[in-house]
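What follows is one structure encoded as structure tokens, with my remarks underneath.
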Amino acid sequence: MNGWTTGCVRQLVVLFALACFLFDFLKIFGFVFFFNILPIVDCKLDVEQKCVTALDQTWHPDHFFCTQCGCQFGEDGFQEKDGKPYCKEDYLAMFALKCKGCSTAITEGYISALNGQWHPNCFVCRDCNMLFQGGSFFVHEGMPYCEIHYHAKRGSLCAGCHKPITGRCITAMFKKFHPEHFVCSYCLKQLKKGTFKEQGDKPYCHGCFERLFG
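Residue numbers (the numbering used here): 12 to 225.
Here's what the structure looks like:
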């Protein structure tokens, strides 16, 4: 065998087998140990320099960003939902309670009413934007109104005094009146339905109508 003895060959075979074993050992255990010292959630690589620890995990700084829009987190930090980080803007847009009045996110105190939540400053009359005194409000088509505008929506404001009608009323000239406010536009005498004359969308007693327009 050109100087090779049986013992030399046997030694080479043993050394080769040992080398293969060491290679397989390092390939399996060394690789796993090296690449799992600090696992990264996003890219699964190790961290050798700066890192961010958040949500019980470790991240490369460049890989710690908003799950929704991909932006880096600034001074507002991040919000967590289901183990994922979000910027404040996307978190509020996606998960926060929404005000029934303005449809934007509610971040502090709110009022629960009419099957929804409201910013305190948004729970106002839908017509005049006035806050409700003493918490009293009226509902029309699912929205809150002050007493005046509630009756205006329902067509139950007196055409004479412009105040709500809650009892008896007179309907004339396609309007509603408190009985005591349905009066002649000239002499202010109280009228009865069917006993007046109309001129210029105003009611008159028969005497005043004849004197003024007869």
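From the three backbone atoms N, C-alpha and C, an ideal C-beta is built for every residue, glycine too.
Classification of residue i by the beta-carbon crowding that lies within 10 angstroms, buried from 16 upward
i	result
ASP87	exposed
VAL135	buried
PHE207	buried
HIS74	exposed
LEU202	buried
HIS217	exposed
CYS195	buried
PHE32	exposed
CYS157	buried
LYS111	buried
PRO155	buried
Residue i - DSSP class collapsed to helix/strand/coil
i	result
TYR161	helix
PHE42	Note that PHE42 scores 43 on pLDDT, short of 50, meaning its location in the model is unreliable; the coordinates nonetheless yield the value given after this. PHE42 falls in the helix class under three-state DSSP.
PHE106	helix
PRO312	In the structure displayed, the chain extends from 12 to 225; residue 312 sits before or after that span and is not available.
HIS155	The question names His, but residue 155 is Pro in the sequence shown. Three-state result, PRO155: strand.
GLY127	strand
GLU100	helix
LEU29	helix
GLN79	coil
LEU223	helix
LEU23	helix
Proximity winner among the options, relative to residue i (alpha-carbon distances)
i	options	result
PRO96	VAL63, CYS219 and GLU119	VAL63
CYS198	LYS92, ASN140, TYR215 and GLY211	TYR215
SER123	ASN140, GLY146 and LEU103	GLY146
TYR102	GLY112, GLY81 and LYS111	GLY81
LYS213	GLU191, ALA183 and HIS71	ALA183
ASP68	ILE117, LYS204 and GLY94	In the sequence under discussion, the amino acid at residue 68 is Gln, which differs from the Asp named in the question. Ranking ILE117, LYS204 and GLY94 by Cα distance to GLN68 puts GLY94 first.
THR115	LEU125, GLU100 and ASN126	GLU100
GLY178	PHE27, LYS186 and PRO190	PRO190
PRO131	LEU142, ARG222 and ALA30	LEU142
GLN83	LYS92, GLU91 and PRO72	PRO72
Presumed contact (8 Å Cβ cut-off) between residue i and residue j, rounded CB distance
i	j	result
PHE106	CYS98	So it is not a contact: roughly 12 Å between Cβ atoms.
ILE181	LYS204	5 Å
GLU91	LEU66	6 Å
Test item: CB-CB of residue i and residue j under 7 Å
i	j	result
HIS151	LYS164	yes
LEU108	GLN128	yes
PHE188	ALA170	yes
CYS113	CYS139	no
GLN210	PHE224	yes
LEU168	HIS162	yes
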